[in-house]
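Peer 1: Got a structure here, written out as structure tokens. Questions coming.
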Ligand code: G1P
Ligand code: ZN
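In my numbering, the protein residues as written are 4 to 549.
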């Protein structure tokens, strides 16, 4: 098998965003596009010769083709061994686990996470380093710089391995070990959670649960863990077969996209299951539902923080916690009560890595349906679901009872996120620039019921390595215990997405049962006045509310 050196020219749009390089499938299919990026990545990988890497993806359209290309390029670039999930499948948390468990140099994840798939959908590629977490900005920027100057890439002329057959295969001078994608991950979960107690939950058949795998990667993981190891009934996992187009759905576990699950959980009590959950395309996100009850991801993080010591893998309790800037401050209240540190980081999981590695935190999360702990360096959807099940089993309370009790103890942080999608990027940028320019003039000004207490642009200094990340979102605090955060998405592939994150604290128990968007209506109105979204974009309402 000859190694070819192929001449190429740079593409200018290969800068990784919040989570790797994400583009339309068709863009990735442009001749040399994938190859250029992969070569740039290998060029930036220290001590590449003989290294072991993990490789797998969420099974979306182009997954198998991309794996074929990456394997041939890895062999041509001196990689020693690839650990590959059978069928080319691995969830993002499973990759993180394999990197850590097998001490590999890193891993390549093929996924566009919760973005739609299929030939007209999105594809993505992301590199994780040897701690199992997303590569830090210094590395992704180096890869980007390399893509701007690349002139050639190396690839085996031919050769492939049977992706569906576990075992050892050889490709050029490289070994490809094809492994069961689920086994190591399921074993890890058994060490962190109380499996006997979880099994007892399903013993009598009285407890009913639905898990929506959204035809994405977590189907096989959820079936193995929930149905086979914990004894949940065989129809517990719905949409459990991974499909290249996610069955035409949008694999984002929220109230809008997990429609069937939401319908099942929101119906009169006798018919409504006790517990509902969903994960996204690559299995790192989670949504938690109770009977007629939605747990916001920010509340989920706060509840897990307050109850972490109840889970077998975390008996020593919460060491410290981190949340991304736009995530509600509910968890801050728990950290304050427990006397541990709460870090506020920019959006994106990569900012949690150093805090986890340094042992400063053992729990972290984002409002975007992401929760995780020091067991990995990625957020972990199924883990979060199992944590909640464990709490329900141990506390002998429903999801709603657990959350309401939490609000009684800490107060409720009403929260909503409004997304305006596919905006003209210039218009979106102007909107943000205009607000940035006015930040200094806002303190003391009143908008509707709200007076601005402070306004700034968030910059983060990593407390572990001192690195600074600027321009991470605009943040307005109001005297009325309310907050507005504004930023542009770094993961979209069509136009720009404007995200408004709105929250207000309510200590009065009598008001805790209000609907979040009703409760927050005055703040939403004030935000409209401050930002002039409608006047500038022509949009009278957001596209997605979560
Ligand atoms: C979005 C979420 C962010 C998450 C990322 C990857 O990024 O908002 O919290 O880490 O997806 O799952 P954004 O599109 O906002 O840049
Ligand atoms: Zn994801």
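Where is the CB? At the ideal position from N, CA and C, for every residue including glycine.
On the criterion of 16 or more Cβ atoms from any shown chain inside 10 Å, does residue 237 qualify as buried, or is it exposed?
Peer 2: Reading the chain shown from its first residue, position 234 is the one you call residue 237. That one is exposed.
Peer 1: What first and last residue would you give for the beta strand (DSSP E) that runs through residue 423?
Peer 2: Residue numbering aside, residue 423 sits at position 420 when the chain shown is read from its first letter. First-last of the beta strand (DSSP E) with residue 423: 415-426.
Peer 1: So is the beta-carbon of residue 63 under 7 Å away from any non-hydrogen atom of the ligand ZN?
Peer 2: Here the question's residue 63 lines up with position 60 in the chain shown. Because no heavy atom of the ligand ZN lies under 7 Å away, the Cβ of residue 63 does not count as near it: no.
Peer 1: Using 8 Å as the Cβ pair cut-off and three pairs as the minimum, do the region 212-227 and the region 171-191 touch?
Peer 2: At 8 Å Cβ cutoff, the stretches touch.
Peer 1: Let me make sure I understand the geometry here. Which of 531, 240, 131 and 457 has the alpha-carbon closest to that of residue 216?
Peer 2: Indexing the chain shown from 1 puts residue 216 at position 213. Closest by alpha carbon: 240.
Peer 1: Determine the extent of the alpha helix (DSSP H) in which residue 221 is found, giving its start and end residues.
Peer 2: Sequence index remark: in the chain shown, residue 221 carries index 218 (1-based). Looking at the DSSP string, the run of the alpha helix (DSSP H) that includes residue 221 is 221-225.
Peer 1: Alpha carbon to alpha carbon, how far is residue 555 from residue 110?
Peer 2: A question about residue 555 goes unanswered here, because the residues of the chain that appear run from 4 up to 549.
Peer 1: DSSP three-state label for residue 250, please.
Peer 2: What you label residue 250 is simply residue 247 of the chain shown in a count that begins at 1. Three-state result, residue 250: helix.
Peer 1: Work out the CA separation of residue 151 and residue 292 for me, nearest whole Å.
Peer 2: Numbered from its first residue, the chain shown carries residue 292 at position 289. Numbered from its first residue, the chain shown carries residue 151 at position 148. Computed Cα separation, rounded: 45 Å.
Peer 1: Would you report the Cα separation of residue 461 and residue 178, rounded to the nearest angstrom?
Peer 2: In the chain shown, counting from the first residue as 1, residue 461 sits at position 458. In the chain shown, counting from the first residue as 1, residue 178 sits at position 175. Rounded to whole angstroms, residue 461 to residue 178 spans 45 Å at the Cα level.
Peer 1: On the premise that residue 420 lies in contact with residue 502, defined as a C-beta separation below 8 Å, what is that separation, rounded to the nearest angstrom?
Peer 2: The count along the chain shown starts at 1 and reaches residue 502 at position 499. The count along the chain shown starts at 1 and reaches residue 420 at position 417. Sure, about 6 Å apart at Cβ, within 8 Å.
Peer 1: Confirm, please, whether the CB-CB distance from residue 397 to residue 313 is below 8 Å.
Peer 2: Your numbering for residue 313 matches position 310 in the chain shown. Your numbering for residue 397 matches position 394 in the chain shown. It is a contact, given that the beta carbons lie within the stated cut-off.
Peer 1: Take residue 491 and list the residues in its own chain whose beta-carbon comes closer than 8 Å to its own, dropping the five residues that flank it on each side.
Peer 2: In the chain shown, counting from the first residue as 1, residue 491 sits at position 488. For residue 491, where only same-chain residues beyond five positions count, the Cβ hits under 8 Å are 431, 432, 435, 499, 500, 501 and 502.
Peer 1: Starting from residue 289, follow its DSSP beta bridges and name the residues at the other end.
Peer 2: Translated into the one-based positions of the chain shown, residue 289 becomes position 286. Per DSSP, 282.
Peer 1: So does the region 126-142 actually touch the region 60-77, counting three or more Cβ pairs closer than 8 Å?
Peer 2: The answer is yes - the region 60-77 touches the region 126-142, with three or more Cβ pairs under 8 Å.
Peer 1: Using beta-carbon positions only, say whether residue 638 and residue 290 come within less than 8 Å of one another.
Peer 2: With the chain running from 4 to 549 in the structure shown, residue 638 is simply not present.
Peer 1: DSSP on residue 32, reduced to helix/strand/coil?
Peer 2: Locating residue 32 in the chain shown gives position 29, where the first residue counts as 1. Three-state result, residue 32: coil.
Peer 1: Run the proximity test for residue 288: is its beta-carbon closer than 7 Å to any non-hydrogen atom belonging to the ligand ZN?
Peer 2: In the chain shown, residue 288 corresponds to position 285, counting from 1. It does: the Cβ of residue 288 is within 7 Å (strictly closer) of some heavy atom of the ligand ZN.
Peer 1: Please classify residue 368: does DSSP put it in a helix, a strand, or coil?
Peer 2: Numbered from its first residue, the chain shown carries residue 368 at position 365. Reduced to three states, the DSSP call for residue 368 is strand.
Peer 1: Could you say which of 269, 208, 41 and 266 lies nearest to residue 158 if we only look at CA atoms?
Peer 2: Numbered from its first residue, the chain shown carries residue 158 at position 155. For the residues 269, 208, 41 and 266, the minimum Cα distance to residue 158 belongs to 41.
Peer 1: Just the C-alpha distance for residue 23 and residue 143, rounded to the nearest angstrom, thanks.
Peer 2: Position 20 of the chain shown, counted from the start, is the residue given in the question as residue 23. Position 140 of the chain shown, counted from the start, is the residue given in the question as residue 143. Roughly 8 Å separates the two Cα atoms.
Peer 1: Going straight from the alpha carbon of residue 243 to that of residue 30, what length do you get?
Peer 2: Looking up residue 243 in the chain shown gives position 240. Looking up residue 30 in the chain shown gives position 27. Approximately 29 Å, taken between the alpha carbons.
Peer 1: Let me know the secondary structure DSSP gives residue 42 once reduced to three states.
Peer 2: Stepping through the chain shown from its first residue, residue 42 is reached at position 39. It is helical.
Peer 1: Could you please give the first and the last residue of the uninterrupted alpha helix (DSSP H) stretch that includes residue 266?
Peer 2: Position 263 of the chain shown, counting from 1, holds the residue named residue 266. Residues 262-268.
Peer 1: Is any heavy atom of the ligand ZN found at a distance shorter than 7 Å from the C-beta of residue 285?
Peer 2: Translated into positions along the chain shown, residue 285 becomes position 282. For the ligand ZN, at least one heavy atom lies less than 7 Å from the Cβ of residue 285.
Peer 1: From residue 2 to residue 386, what does the alpha carbon distance come to, in whole angstroms?
Peer 2: What the structure shows of the chain is the stretch from 4 to 549, and residue 2 is not part of that stretch, so it cannot be assessed.
Peer 1: Give the range of the alpha helix (DSSP H) segment to which residue 104 is assigned.
Peer 2: Counted from its first residue, the chain shown places residue 104 at position 101. That run of the alpha helix (DSSP H) goes 95-104.
Peer 1: Could you give the distance in angstroms between the alpha-carbon of residue 539 and the alpha-carbon of residue 545?
Peer 2: Here residue 539 is taken as the residue at index 536 of the chain shown, counted from 1. Here residue 545 is taken as the residue at index 542 of the chain shown, counted from 1. Their Cα atoms are separated by approximately 13 Å.
Peer 1: Under the rule that 16 or more other beta-carbon atoms within 10 Å means buried, what is residue 309, buried or exposed?
Peer 2: If you number the chain shown from 1, residue 309 lands on position 306. Flag for residue 309 reads buried.
Peer 1: Quick check: the Cα distance between residue 362 and residue 196, rounded to an integer number of angstroms?
Peer 2: Counting from 1 along the chain shown, the entry for residue 362 is found at position 359. Counting from 1 along the chain shown, the entry for residue 196 is found at position 193. Cα to Cα, residue 362 sits roughly 20 Å from residue 196.
Peer 1: I'd like the list of long-range same chain contacts for residue 145, defined as Cβ closer than 8 Å, with 5 residues on each side in sequence excluded.
Peer 2: The residue labelled residue 145 in the question sits at position 142 within the chain shown. If we look at residue 145 and ignore the five residues flanking it on each side, its Cβ neighbours are 47.
Peer 1: Let's test the definition: count the other Cβ atoms within 10 Å of the Cβ of residue 265 and tell me whether it reaches 16, buried, or not, exposed.
Peer 2: By 1-based counting over the chain shown, the position of residue 265 is 262. Buried.
Peer 1: According to the Cβ coordinates, are residue 376 and residue 389 closer than 8 Å?
Peer 2: Mapped onto the chain shown, residue 376 falls at position 373. Mapped onto the chain shown, residue 389 falls at position 386. Their beta carbons are not under 8 Å apart, which means residue 376 does not touch residue 389 by this criterion.
Peer 1: Measuring only from the beta carbon, is residue 116 closer than 7 Å to any heavy atom that is part of the ligand ZN?
Peer 2: For the purposes of this step, residue 116 is taken as the residue at position 113 of the chain shown. Indeed, a heavy atom of the ligand ZN lies less than 7 Å from the Cβ.
Peer 1: Examine the ligand ZN and report whether any of its heavy atoms sits within less than 7 Å of the Cβ of residue 95.
Peer 2: Stepping through the chain shown from its first residue, residue 95 is reached at position 92. Yes; taking the cut-off as 7 Å, the Cβ of residue 95 has a heavy atom of the ligand ZN nearer than that.
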